[in-house]
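The block underneath contains the structure these notes are about, expressed in structure tokens.
Residue numbers (our numbering): 395 to 1049.
See below:
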């Protein structure tokens, strides 16, 4: 339970009785972190808004008053990340520790007669290191607040919800907040679509931990829509976080924004009863994916919102995630900021696109991973930028890619451009073909498919592109641009644009391989529909999703592996998520149907390779404890799945 907006100050005694009642009913309440107005008879906080921070001030009052109450579980804050101030000496010390041997004064042109605030304001948009330093300081303060609250009351969790348009403010916050606070997650209004799942996986960062994803729907077009959202929260977040009880309560009231719906209480009961039956399998398993989508917060923090619907970096990453899921490829989302050799060792294939800004440490970890046998799929501009205003002469990962950068290509003639973008305060306007800010930050209009902008790249060599025929054509929005490249070594060209420029190449590096996908926004080619906050449905143009899936499967084959499970005979709107509990020697497979026109999913077939030295102990539906019939042919096990509506889960135990 959670009561937002500081309601405890309406009547603090009545609110205290609510906390007592929660404990008596075996319920837990996460309270709002106090802000000015919630005085409880004495102290005020140091910030005027609940959105500012998780400050220590006033937390002691709650810890003292709720000390003996079992219903009090912790504190919460929300929406925008706080800001952090520091001076040149602090930044200089941080920079020398993080980037030894590099003098920040020299690198960024700081002079002693210049005020730090002037320097900061001039450089914040061109120096991602300033955003990294800011994130590091905020996380240190949050860690201190959490430890301090634990000292006052051991069972006090600190939680934070981030509005999904604000994920890119500080480089490193998305990667490390989950390692600092007990629970965090996205605050995404009116969205039960793919973007919601993408954001939950962003905050997981490939790790086994619960994610709070706020339920906040103004309307419910169907009961399946609500149940889909609740199931999505359980399979990706392993929790259900409700912003305001009135949103799901049985009876109407004066709930915030009047979001009450007559059917929602029964929908909650439906999915929660199911969750109760499968709780031991969803609290909290690890990911079973061996494919990851790698995002760069160093990049996203420098290419933030310039459009009301959101900025292009986020739009493209969510589309890339959707393309993987529509191909039934279970994948984690991980961040360059938290890369380590140990973290990525379990992945066979890593996909990254629009990761313009990477540092030497991140590049070296990826390079070594490929050298040891990993397969990297990289889009245009990856590792190309030194700062947002400065392009390097070549990719930092050029040796891994097997290509050299030779320039940006996009049509300059308006006659070949009818792609629209959004800019604040203006009607949709024609895209400016460029890699420069602010134009490259603008959200691309995907409600209507362009005509003049469409170009093609064609498969020339499909030996490493399973499922694609030679001659298959993929449509691309040419004004988005692509990297012109020169081949190095024995790099093979797998697909070319109509002018002969490479579109997909393949290079061997050490024991691994690298696909280079030259389009700058390879997944930003879809028709969006069924909008809530974002397009819940994305219909990709011909051979966009197929090209990505082909490279993933080709990479898995090259590494001598395969997906953990293969689900066939389902539509592209069925998502497959795999979780594992090694301590119980079992794997859980979630299936979620996003198709709003679907009555049910029937005829699905699940197959998987048996782990070496293992056999299937049981394969069953945990909500009914019903066994499946498993057919084993050599090392491959197969089972026909039952018909289901919206969501289902299968458990496979090994022995």
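Note that CB positions come from ideal geometry on N, CA and C, so glycine has one too.
Runs of beta strand (DSSP E) lying entirely within the segment 457-538, each at least 3 residues, in chain order | Complete beta strand (DSSP E) runs here, min 3: 466-473.
Reference residue 846; option with closest CA among 734, 824, 741 and 662 = In the chain shown, residue 846 corresponds to position 452, counting from 1. The residue with the shortest Cα to Cα distance from residue 846 is 824.
Ordered along the chain, which non-local residues of its own chain (more than five positions away) have a Cβ less than 7 Å from that of residue 836?
-> Along the chain shown, one-based indexing puts residue 836 at 442. Within the same chain, residue 836 has close Cβ partners 700, 701, 706, 815, 816 and 817.
Going straight from the alpha carbon of residue 492 to that of residue 756, what length do you get?
-> Taking the chain shown and counting its residues from 1, one reaches residue 492 at position 98. Taking the chain shown and counting its residues from 1, one reaches residue 756 at position 362. Each residue's alpha carbon lies about 13 Å from the other.
Could you round the C-beta distance between residue 838 and residue 918 to whole angstroms and report it? I think they count as a contact, below 8 Å.
-> Residue numbering aside, residue 838 sits at position 444 when the chain shown is read from its first letter. Residue numbering aside, residue 918 sits at position 524 when the chain shown is read from its first letter. Yes, they are in contact, since the Cβ atoms of residue 838 and residue 918 sit about 6 Å apart, within 8 Å.
Enumerate in chain order the residues of its own chain whose CB-to-CB distance from residue 987 is below 7 Å, with the five nearest sequence positions on each side excluded.
-> Here residue 987 is taken as the residue at index 593 of the chain shown, counted from 1. Taking residue 987 as the centre and dropping the five residues before and after it, the same chain places the C-beta of 967, 968, 995 and 1040 closer than 7 Å to its C-beta, in chain order.
Assigned secondary structure, residue 641 (DSSP; H/G/I helix, E/B strand, else coil) | Within the chain shown, residue 641 is the residue found at index 247, counting from 1. Helix at residue 641.
Host alpha helix (DSSP H) of residue 592 (start-end) | Walking along the chain shown from the start, residue 592 turns up at place 198. Looking at the DSSP string, the run of the alpha helix (DSSP H) that includes residue 592 is 588-598.
Work out the CA separation of residue 822 and residue 680 for me, nearest whole Å.
-> In the chain shown, counting from the first residue as 1, residue 680 sits at position 286. In the chain shown, counting from the first residue as 1, residue 822 sits at position 428. Going by the C-alpha atoms only, they are around 43 Å apart.
Please name the residue in 574, 614 and 622 whose C-alpha comes closest to that of residue 588.
-> Residue numbering aside, residue 588 sits at position 194 when the chain shown is read from its first letter. Checking every option, the nearest Cα to that of residue 588 belongs to 622.
Whole beta strand (DSSP E) elements within the segment 969-1002, 3-residue minimum | Here the runs fully enclosed are 980-987.
Based on Cα-Cα distance, which residue from 1037, 971, 1002 and 922 lies nearest to residue 709?
-> Here residue 709 refers to the residue found at position 315 when the chain shown is read from its first residue. Nearest to residue 709 by C-alpha distance, out of 1037, 971, 1002 and 922, is 922.
Spatial neighbours of residue 713 in its chain, beta-carbon cut-off 7 Å, leaving aside the 5 residues before and after | For the purposes of this step, residue 713 is taken as residue 319 along the chain shown, with counting starting at 1. Closer than 7 Å at Cβ, skipping near neighbours: 917, 918, 920 and 932.
Starting from the C-beta of residue 436, find all residues in its chain whose C-beta is less than 6 Å away, skip the five residues before and the five after it, and write them out in chain order.
-> The residue labelled residue 436 in the question sits at position 42 within the chain shown. The pLDDT assigned to residue 436 is 42, lower than 50, so where the model puts this residue is not dependable, and the model offers no usable value.
Below 9 Å between beta carbons: does that hold for residue 926 and residue 584?
-> Within the chain shown, numbered from 1, the residue matching residue 926 stands at position 532. Within the chain shown, numbered from 1, the residue matching residue 584 stands at position 190. Result yes, Cβ atoms of residue 926 and residue 584 sit closer than 9 Å.
Please confirm whether residue 578 and residue 606 have their CB atoms less than 9 Å apart.
-> Locating residue 578 in the chain shown gives position 184, counting from the first residue. Locating residue 606 in the chain shown gives position 212, counting from the first residue. Yes; because the gap between Cβ atoms is below 9 Å, this pair is in contact.
Simplified DSSP state of residue 828, which is helix, strand or coil = Here residue 828 corresponds to residue number 434 of the chain shown, with the count starting at 1. Here residue 828 sits in coil by DSSP.
Whole angstroms is fine: what's the gap from residue 1035's alpha carbon to residue 884's?
-> Taking the first residue of the chain shown as 1, we reach residue 1035 at position 641. Taking the first residue of the chain shown as 1, we reach residue 884 at position 490. The straight-line gap from Cα to Cα measures roughly 45 Å.
Is it true that the CB of residue 546 sits closer than 9 Å to the CB of residue 469?
-> Taking the first residue of the chain shown as 1, we reach residue 469 at position 75. Taking the first residue of the chain shown as 1, we reach residue 546 at position 152. Between residue 469 and residue 546, the C-beta gap is not smaller than 9 Å, which leaves the two residues out of contact.
Below 9 Å between beta carbons: does that hold for residue 790 and residue 914?
-> Mapped onto the chain shown, residue 790 falls at position 396. Mapped onto the chain shown, residue 914 falls at position 520. Taking 9 Å as the cut-off, the Cβ atoms of residue 790 and residue 914 do not count as close.
In chain order, which continuous runs of the beta strand (DSSP E) of length 3 or greater are located wholly inside the segment 664-713?
-> Taking only runs of at least 3 residues, the beta strand (DSSP E) segments lying wholly in the segment 664-713 are 685-689.
Contacting residues, own chain, Cβ-Cβ under 6 Å from residue 744 (five flanking each side not counted) | Position 350 of the chain shown holds residue 744. Setting aside the 5 residues that flank it on each side, residue 744 is surrounded in the same chain by 686, 688 and 770, each with a C-beta closer than 6 Å to its C-beta; the list follows chain order.
Drop a sphere of 10 angstroms on the beta-carbon of residue 507, count the other beta-carbons inside from all chains shown, and report buried for 16 or more, exposed for fewer.
-> Stepping through the chain shown from its first residue, residue 507 is reached at position 113. So residue 507 ends up on the exposed side.
Compare the C-alpha of residue 977 against each of 1044, 1015 and 1049 and name the closest.
-> As a position in the chain shown, residue 977 is number 583, starting the count at 1. Distances from the CA of residue 977 to each of 1044, 1015 and 1049 were compared; the closest alpha carbon is that of 1049.
How is residue 573 classed by DSSP in three states: helix, strand or coil?
-> The residue given as residue 573 occupies position 179 in the chain shown. Helix at residue 573.
Could you give the DSSP three-state label for residue 453: helix, strand or coil?
-> Counting from 1 along the chain shown, the entry for residue 453 is found at position 59. Correct three-state label for residue 453: helix.
Taking only the alpha-carbon atoms, compute the straight-line gap between residue 521 and residue 601 and give it to the nearest angstrom.
-> The residue labelled residue 521 in the question sits at position 127 within the chain shown. The residue labelled residue 601 in the question sits at position 207 within the chain shown. If you draw a straight line from the Cα of residue 521 to the Cα of residue 601, it comes to about 29 Å.
For residue 412, I'd like the list of residues in its chain whose CB is within less than 6 Å of its CB, leaving aside the five on either flank, ordered along the chain.
-> By 1-based counting over the chain shown, the position of residue 412 is 18. Apart from the 5 residues on each side of it in sequence, residue 412 has no Cβ closer than 6 Å to any other Cβ in its chain.
If you follow the beta strand (DSSP E) that residue 768 is part of, which residue opens it and which one closes it?
-> Locating residue 768 in the chain shown gives position 374, where the first residue counts as 1. Neither: residue 768 is in no beta strand (DSSP E) and is coded neither H nor E.
Determine the contact status of residue 619 and residue 593, defining contact as a CB-CB distance below 9 Å.
-> Within the chain shown, numbered from 1, the residue matching residue 619 stands at position 225. Within the chain shown, numbered from 1, the residue matching residue 593 stands at position 199. Residue 619 is not a Cβ neighbour of residue 593, given a cutoff of 9 Å.
Cβ-based neighbour list, residue 1037, same chain, cut-off 6 Å, excluding 5 preceding and 5 following | Position 643 of the chain shown holds residue 1037. For residue 1037, same chain residues with a beta-carbon under 6 Å away, outside a window of 5 residues either side, are 994 and 996 in chain order.
DSSP state of residue 658 mapped onto helix, strand, coil = Within the chain shown, numbered from 1, the residue matching residue 658 stands at position 264. Note: residue 658 maps to helix in three-state DSSP.
In its own chain, which residues sit with a C-beta less than 8 Å from the C-beta of residue 514, not counting the 5 before and 5 after it?
-> Counted from its first residue, the chain shown places residue 514 at position 120. So the qualifying residues of the chain are 524.
Have a look at 773, 910, 906 and 1004 and flag the residue whose alpha-carbon is nearest the alpha-carbon of residue 951.
-> As a position in the chain shown, residue 951 is number 557, starting the count at 1. If we check each option's Cα against that of residue 951, 906 comes out closest.
Contacts around residue 367, its chain only, beta-carbon distance under 8 Å, and the 5 residues preceding and following it disregarded = Residue 367 lies beyond the range of the chain shown here (395 to 1049); nothing can be said about it.
Can the beta-carbon of residue 844 be found less than 9 Å from the beta-carbon of residue 871?
-> If you number the chain shown from 1, residue 844 lands on position 450. If you number the chain shown from 1, residue 871 lands on position 477. Yes; because the gap between Cβ atoms is below 9 Å, this pair is in contact.
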